[in-house]
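Per the UniProt record's numbering, the sequence shown runs over residues 1 to 86. We treat Cβ as the ideally placed atom computed from N, Cα and C, and that holds for glycine. These figures come from a predicted structure and were not determined experimentally.
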Amino acid sequence: MTIDQLDPTPLWQQLAAIIRERIKAGDFEPRQPLPSEAQLQQEHGVARGTVRRAMRALGEEGWTVTVQGRGTFVAPRESWPEQPES
């Protein structure tokens, strides 16, 4: 998944969706650190504020946990929002 600059969906929502899907797919395991803001900025070609807003949204949803001075980590699986059965 990539950021689509022409999509009317806000960039932070697109980035949050990309990270959320990568967590669900197992690219990032529970308790694993996520890439830094700088890495996400460079990888997706977005501003720092965009990354911060996406990370804040993921934290509010229960996907991530931020530890001051250590970074942002994937939340334990039991903290994730309920997923519909496939």
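Distance CB(residue i)-CB(residue j) smaller than 8 Å
i          : j          : result
residue 75 : residue 64 : yes
residue 16 : residue 47 : no
residue 50 : residue 6  : no
Residues of its chain near residue i, where Cβ-Cβ distance is below 7 Å and the 5 sequence neighbours each way are ignored
i          : result
residue 79 : 62
residue 23 : 63, 74
residue 52 : 37
Cutoff 6 Å; reference residue i; Cβ partners in own chain excluding five residues on either side
i          : result
residue 57 : 16
Close-in-space but distant-in-sequence residues of the same chain around residue i (CB under 8 Å, 5 per side omitted)
i          : result
residue 81 : 61, 62, 63
residue 28 : 19, 22, 34, 74
Original post:
Do the stretch 1-8 and the stretch 32-43 make contact, defined as three or more Cβ pairs closer than 8 Å?
Top reply: With the cut-off at 8 Å, the stretch 1-8 and the stretch 32-43 do not touch.
Original post:
Fully enclosed by the stretch 35-70, which beta strand (DSSP E) runs are 3 residues long or longer?
Top reply: 64-67
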